[in-house]
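All remarks here apply to the structure that follows.
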Amino acid sequence: MIESVAYEDIAVGDAASLQMTIEEDDVEVFADVTGDINPVHLDEEYAATTPFGQRVAHGMLAASMISAVIGTRLPGPGAIYLGQELRFVAPVRFEDTLTATVEVLTKRD
Numbered sequence: 062m063i064e065s066v067a068y069e070d071i072a073v074g075d076a077a078s079l080q081m082t083i084e085e086d087d088v089e090v091f092a093d094v095t096g097d098i099n100p101v102h103l104d105e106e107y108a109a110t111t112p113f114g115q116r117v118a119h120g121m122l123a124a125s126m127i128s129a130v131i132g133t134r135l136p137g138p139g140a141i142y143l144g145q146e147l148r149f150v151a152p153v154r155f156e157d158t159l160t161a162t163v164e165v166l167t168k169r170d
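Here the sequence shown stands for residues 62 to 170, where the numbers follow the working numbering.
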């Protein structure tokens with residue numbers, strides 16, 4: 062089992078990362094779980110007509126990696142975060158490898 066980092070053991074500047082290569086199966090499972098069946102994610106023929114020119118992953122699939130880092134790496138199991146601000150600047154294509162990194166900027170005792 063993955064262990065959590067105790068609050069008192071977390072220091073400003075601590076960081077943790079998670080890396081994932083986005084595969085077709087990941088996108089299809091995410092669509093099934095969320096109900097987001099937008100054809101830009103699932104239909105190659107349709108996606109070819111979009112500015113992306115091909116299927117792309119759901120932005121929220123990539124964003125969900127942040128939750129995974131917090132819940133499995135830093136601080137780990139039992140951790141819940143209360144907010145997230147996102148801005149998508151580029152499409153995530155199949156076979157792209159993403160890295161989500163969290164860093165402790167401040168602590169509130």
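The beta carbon of each residue, even a glycine, is placed where N, CA and C say it ideally should be.
Identify, in the order they occur along the chain, each residue of the same chain with its Cβ nearer than 7 angstroms to the Cβ of P138, setting aside the five sequence neighbours on each side. The residue labelled residue 138 in the question sits at position 77 within the sequence shown. Correct list, in chain order: I63, S65, G132.
Using a Cβ distance threshold of 8 angstroms, determine whether the region 70-85 contacts the region 103-112, with at least three qualifying pairs required. no
How long is the line joining the alpha carbons of F113 and L143, rounded to whole angstroms? Sequence index remark: in the sequence shown, residue 113 carries index 52 (1-based). Sequence index remark: in the sequence shown, residue 143 carries index 82 (1-based). Straight-line Cα distance between these residues: approximately 32 angstroms.
Looking at C-alpha atoms only, which residue of A108, H119, A140 is the closest neighbour of I83? Translated into the one-based positions of the sequence shown, residue 83 becomes position 22. Minimum Cα distance to I83 is reached at H119.
Whole-angstrom Cβ separation of L166 and M81, contact assumed at under 8 angstroms? Walking along the sequence shown from the start, residue 166 turns up at place 105. Walking along the sequence shown from the start, residue 81 turns up at place 20. So it is not a contact: roughly 24 angstroms between Cβ atoms.
Could you spell out the range, first to last residue, of the alpha helix (DSSP H) harbouring G84? Within the sequence shown, residue 84 is the residue found at index 23, counting from 1. It should be pointed out that residue 84 corresponds to Glu in this sequence rather than to Gly. E84 -> no alpha helix (DSSP H), and no H or E assigned at all.
Take V153 as the anchor and find which of I141, L79, A123 has the nearest alpha-carbon. As a first step, residue 153 is located in the sequence shown; it is residue number 92 there, counting from the start. Out of I141, L79, A123, A123 has the C-alpha closest to the C-alpha of V153.
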